[in-house]
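Participant: According to this note's numbering, the sequence shown is numbered sequentially starting from 1. A virtual CB, placed ideally from N, CA and C, is assigned to each residue, including glycine. No experiment lies behind these values; they were computed from the predicted model shown. Pasting in a structure now, in structure tokens, and then I'll have a few things to ask.
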Amino acid sequence: MTAERSGDEESRWSQRQGGERSEEDRVAAASEFDVERSQGAPAFDDAELEELIAEAGGGGEEDEEDEEDYYNEEPDELDEEGVPFDDYAFIEKICKEGYYTEEEARELVLERRHWPEWSYLRLDEEERIAGKRALVTGGAGFIGSHVAELLLERGYRVLVVDDLSSGRIENVPDGAMFEKMNLVDDVRAFQLAYHFCPDYVFHLAAQASVTVSVQSPFMDFFPNVVGTFNVLEGARSRNSRFVFASTGGALYGEDAPLPTNEDFPPDPLSPYGIGKLCCEIYTTHWARLYECPNTVLRLANVYGPRQNPHGEAGVVAIFSQALRNGEAPRIYGDGEQTRDYIHVRDVAAAFVAAAERPSPGVYNVGTGVQTSVNRLWELLQGVSGRSVTAQHMPPRMGELRRSALDATRMREAFGWEPKVGLEEGLAETYAYYTGGLPSAGR
Ligand SMILES: NC(=O)c1ccc[n+]([C@@H]2O[C@H](COP(=O)([O-])OP(=O)(O)OC[C@H]3O[C@@H](n4cnc5c(N)ncnc54)[C@H](O)[C@@H]3O)[C@@H](O)[C@H]2O)c1
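In structure tokens, the structure reads:
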């Protein structure tokens, strides 16, 4: 299967072997690529993609036996470092984008040679045309795992990417492919979009705690801002529909009218909110500048099974666990501070609706209803049939007093409606924490 290289290619390749590409070359290559993409051209046209699939080991016409052979077989011809000659064109292609030096690209190929994900390039014709490949970052986390689950139910082929920093492998639904990968440290993240060729990118990976962001802004900035930028660029390279999980609860300030709509100017109170706003601007600006089909969803306080108690709306998980253990939870201040609690299944439905009916823009995802912490505690005691006296603590600095989101724009654009009532959702969540509901998958 050795690819023949033309004389021209051979000499370009030899020149490269001779040394690092100059800064000038890299900038020129990157701008050439950017110009192509800013004119709406996808990273690969169909012929190029066919070529890549062929280079990676074939297309969809092989039978199962051939496919097995592909994984078991060593490539025929390797260069002195073990890089298959067949991968030279691929290396050249990714260097051209300017993200990789040749050395890095060769390392990438060496490392990945036996990984099953090379099979992402081996989608058969039907799958490529069906256009139902979704990449879900943060899919081992609370909300991302529900998004992945719904996509699978709807017949999508799903790749979950997560570094498991707060997510859990058990959350990744059966049937989804999984890659443990850090979107910041791992330069390979840029390549994901090429390997899997996603039609949709749902970006939910993040450091999701407001408190952590205040205590250690660095720990927020890198995953949330740099990580988002990396994924956004990956999505752009394939012209994938990008849906970004932003926040409504941590974005609008104290003076916002309630329920707040998207036109009210954001005034974030925390590094977490600042990072989300910054990424919203990248996302929406990229949509205009590069004509990318990008959408931002500003989520209210999401609750439900598989919730991480340290996230933005961890209170429902914390209260449920306290009730299960018969312990008194802490309520800060007078407990009359309000939030807009929305069930995670409604949020997953919002992500899928926003992707399937693309209408780039910024949308609130909430119920518009305010519920106080005291009321929430009362409701949870009701659904659990248990009664515990909460412990009242001094108010926390910088905590927003009231919050609720007006989701009219979301309703009108996508026909989306929240369906799960608060009591019903709390009962389900409590059952999950007391062992009544199974986790998603593995
Ligand atoms: N939970 C809420 O109420 C709420 C509200 C508004 C917005 N959001 C946003 O929704 C998204 C999902 O939140 P969640 O509550 O499911 O949080 P979560 O912590 O359960 O999920 C986040 C996932 O991202 C992964 N992750 C973190 N950093 C990563 C990195 N550098 N590389 C790869 N993976 C990484 C984590 O391991 C985790 O699985 C986040 O972007 C969050 O900011 C959540």
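May I ask whether a heavy atom of ligand 3 can be found less than 7 angstroms away from the beta carbon of Asp340?
Facilitator: Because ligand 3 does not appear in the structure shown, any question about it cannot be addressed here, the ligands present being ligand 1.
Participant: CB-CB under 7 angstroms to Val226, same chain, minus the five flanking residues each way: which ones, in chain order?
Facilitator: Val184
Participant: Please say whether Thr338 and Leu422 have beta carbons closer to each other than 8 angstroms?
Facilitator: no
Participant: For Gly333, which residues in the same chain have their Cβ closer than 6 angstroms to its Cβ, ignoring the five residues on either side in sequence?
Facilitator: Pro395
Participant: Glu262: which of Ala349, Leu289, Gly249, Tyr272 sits nearest, CA to CA?
Facilitator: Gly249
Participant: Whose CA, out of Ser166, Gly167, Phe142, Phe178, lies closest to the CA of Arg157?
Facilitator: Phe178
Participant: Taking its Cβ as the centre, do 16 or more other Cβ atoms sit within 10 Å of Asn325, making it buried, or is it exposed?
Facilitator: exposed
Participant: Is the beta carbon of Ala245 less than 8 angstroms from the beta carbon of Leu297?
Facilitator: Judged by their CB atoms, Ala245 and Leu297 are nearer to each other than the 8 angstroms cut-off.
Participant: Per DSSP, what are the beta-bridge partners of Tyr351 in this structure?
Facilitator: It is Phe, not Tyr, that sits at residue 351 in the sequence shown. Answer is none; Phe351 lacks a bridge partner.
Participant: Please go through the same chain and pick out, in chain order, the residues whose beta-carbon is closer than 6 angstroms to the beta-carbon of Leu400, but skip the five residues on each side of it.
Facilitator: none
Participant: According to the neighbour-count rule (16 or more other Cβ atoms, all chains shown, within 10 Å of its Cβ), is Ile281 buried or exposed?
Facilitator: exposed
Participant: May I have the straight-line CA-CA distance separating Leu323 from Gly435, to the nearest angstrom?
Facilitator: 13 angstroms
Participant: Starting from Asp162 and walking both ways along the beta strand (DSSP E), at which residues does that stretch end?
Facilitator: 157-162
Participant: CB-CB under 6 angstroms to Phe202, same chain, minus the five flanking residues each way: which ones, in chain order?
Facilitator: Val136, Val147, Val243, Phe351
Participant: In whole angstroms, what separates the C-alpha of Phe142 from that of Val160?
Facilitator: 13 angstroms
Participant: Here's the rule I'm using: 16 or more other beta-carbon atoms within 10 Å means buried, otherwise exposed. How should His285 be labelled?
Facilitator: exposed
Participant: If contact is defined by three or more beta carbon pairs under 8 angstroms, each pair taking one atom from either stretch, is the stretch 162-177 in contact with the stretch 100-110?
Facilitator: no
Participant: Buried or exposed for Asp406, going by 16 or more other Cβ atoms inside 10 Å?
Facilitator: buried
Participant: Grouping DSSP H, G and I as helix and E and B as strand, with all else coil, what is Thr389?
Facilitator: coil
Participant: Starting from Met177, follow its DSSP beta bridges and name the residues at the other end.
Facilitator: Leu159
Participant: Arg288: buried (16+ other C-beta within 10 angstroms of its C-beta) or exposed?
Facilitator: exposed
Participant: Which one or two residues does DSSP pair with Asn171 in a beta bridge?
Facilitator: DSSP, once it has assigned bridges, lists no residue as partnering Asn171.
Participant: Considering only heavy atoms of ligand 1, does any lie closer than 7 angstroms to the CB of Gln370?
Facilitator: no
Participant: Which same chain residues end up closer than 8 angstroms to Gln207 when comparing Cβ atoms and leaving out the 5 residues on each side of it in sequence?
Facilitator: Ser165, Ser166, Ser213, Met219, Asp220, Pro223, Asn224, Tyr272
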